[in-house]
Amino acid sequence: MNQAINRPNSELIEVEVKESFDLKVWLEKQASEYQLKYLLAHAEDGVIWGKFQNGTLKTSDSVFPQLAKLRLLTLQQCRIFGEHSEVMLWRNDDEFKARCVEDTHLDKEEYISENQILWGTQAENISDGFTLVSDGSQGLRHAVPLIDIPFDSNQKLYRPLRLCVRHYLDEDKETGLVRIYLSRLVNLTTEKELKNAA
């Protein structure tokens, strides 16, 4: 490459989990500070989605109680994300670590955007800004913080949900090879919204 590649700002966030630690309060504080919109958490018992509205976190288990709950005890990894930042909290043995990635100073040429297809071929229920989706005969279910998802009943395997991911590049000075060294979540959307944005 002819010019140097700018990197996003990435820093560890101090997080001390004690008995008094309130995960929801901590997440809301981070979302407010970094202007984050969505939550995607992976726990031992399932996937939890969430969205921040007026500074308050609403999670998929609060709308559909049969789904996995957002609990520190079972949490493996949690990402809260928005257009310019992501905060990730993850379990490291018996402690938690957190990191923030911000990229407001980067141009679109300095990263690669990818829209990953998510599970979900049909809506089972819609409630309070969330859609409970399932996928085929496998019975995979999760509740995403979106409504009006354009499912197509004529295409049984059509999956319109997209998770927008941003990959950051780094160049090896000796070889000139460019590689992806860091990725973060940016947005949750649908294929229909992506087509309209083009």
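In terms of this note's numbering, the sequence shown is numbered consecutively and its last residue is 201.
Using N, Cα and C, we set each Cβ at its ideal position, and we do this for glycine too.
These numbers were taken from a predicted model, which means no experiment stands behind them.
Check: Can you find at least 3 beta carbon pairs, one from the stretch 30-38 and one from the stretch 55-70, that sit closer than 8 Å?; Outcome: yes
Check: Does the contact criterion of 3 or more C-beta pairs under 8 Å hold for the stretch 15-24 versus the stretch 94-112?; Outcome: yes
Check: Work out the CA separation of Ile51 and Lys72 for me, nearest whole Å.; Outcome: 7 Å
Check: Rank Cys167, Gly142, Val181 by C-alpha distance to the C-alpha of Asp173 and give the top, closest one.; Outcome: Val181
Check: Label Phe24 either buried or exposed according to how many other C-beta atoms from any shown protein chain fall within 10 Å of its C-beta, with 16 as the threshold for buried.; Outcome: exposed
Check: Determine the closest residue to Ile2 out of Arg162, Asp175, Gly49, Ser65, with distance taken between C-alpha atoms.; Outcome: Residue 2 cannot be examined here, being either before or after the span of the chain that is shown, 4 to 201.
Check: To the nearest angstrom, how far is it from the Cα of Lys195 to the Cα of Lys159?; Outcome: 17 Å
Check: By Cβ distance, which residues of its chain are closer than 8 Å to Gln80, with the 5 residues on each side in sequence left out?; Outcome: Ala44, His45, Met91, Leu92, Trp93, Arg94
Check: Suppose you measure from the CA of Val168 to the CA of Thr192; what does that come to, to the nearest Å?; Outcome: 11 Å
Check: Reducing DSSP to helix, strand and coil, say where Glu194 ends up.; Outcome: helix
Check: For Arg165, which of Leu188, Asn157, Asp155 has the nearest alpha-carbon?; Outcome: Leu188
Check: Grab me the residues of Asp138's own chain with a C-beta within less than 7 Å of its C-beta, minus the 5 sequence neighbours each way, in chain order.; Outcome: Trp122, Gly123, Thr124
Check: Among Val28, Asn128, Leu78, Asn9, which residue has its Cα nearest to the Cα of Asp96?; Outcome: Leu78
Check: If I measure Cβ to Cβ from Asp131 and keep anything under 6 Å in the same chain, skipping five residues before and after, which residues do I get?; Outcome: Val66
Check: Just to confirm the assignment: which complete beta strand (DSSP E) runs, minimum length 3, are found wholly within the stretch 79-128?; Outcome: 88-95, 98-105, 114-120
Check: Under a three-way DSSP split, which group does Ser35 fall into?; Outcome: helix
Check: For Leu26 and His145, I'd like the C-alpha separation in whole angstroms.; Outcome: 21 Å
Check: Over the uninterrupted alpha helix (DSSP H) stretch that includes Asp151, give me the two end residues.; Outcome: Per DSSP, Asp151 belongs to no alpha helix (DSSP H) and is neither H nor E.
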